[in-house]
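First up is the structure itself, then whatever we jot down about it.
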């Protein structure tokens, strides 16, 4: 009651003494409207806003002002000054929100098992890839060794062929030189024969004399 009297005094200063009685009566309706009875239209528009401001200043109540005349308590429509409805909250812990240690342990075990399987799979793939690379490297090394061996064999055969041809050529030249050396000297024997023939002629001439 003291609150109502104080609010009435505030309303008297704002709207004049002539409207105090109506403001006081309207204040009771306005306060009742906070609790659900509805106070829109209880006061004239010229008093609704000052009274609402005064009540909201000195009390925890949130009274409607003149802009809230578009809404009634049963309409379900929000006016410009209405507060939004508080969101529904459910403080009860359901099955999905429970912190069951057994469930948490099972989830942790499942995650650990999945991580171990993934790590094992990655390690197996890495080992297979490394083994494949080692096989490829070994194959390449074997092919390179075979190619080098083939090239060395071909080079040795070529050197051997060249040496054999050179030896055959030297042997042929030596045989030709030996044959040439074994032939008789026909020019020297012809000169000797011509000299002996001239001596015979002289002796024949002397006999004729």
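Residue numbers (our numbering): 1 to 209.
A virtual CB, placed ideally from N, CA and C, is assigned to each residue, including glycine.
Bear in mind that the values here come from a model prediction, so they are computed numbers and not experimental data.
Please classify residue 99: does DSSP put it in a helix, a strand, or coil?
-> In this structure, residue 99 counts as coil in the three-state DSSP scheme.
When the Cα atoms are used, what is the spatial distance from residue 133 to residue 100?
-> As the crow flies, the alpha-carbon of residue 133 is around 49 Å from that of residue 100.
For residue 159, count neighbouring Cβ atoms within 10 angstroms of its own Cβ and tell me buried if that reaches 16, exposed if not.
-> Residue environment for residue 159: exposed (fewer than 16 other C-beta atoms within 10 angstroms of its C-beta).
Does the Cβ of residue 115 have 16 or more other Cβ atoms within 10 Å, making it buried, or fewer, making it exposed?
-> When all chains shown are included, residue 115 counts as exposed.
If we count the other Cβ atoms within 10 Å of its Cβ and call it buried at 16 or more, is residue 126 buried or exposed?
-> So residue 126 counts as exposed.
Mark residue 51 as exposed unless 16 or more other C-beta atoms lie within 10 angstroms of its C-beta, in which case mark it buried.
-> By the Cβ-count criterion, residue 51 is buried, with 16 or more other Cβ atoms from all chains shown falling within 10 Å of its own Cβ.
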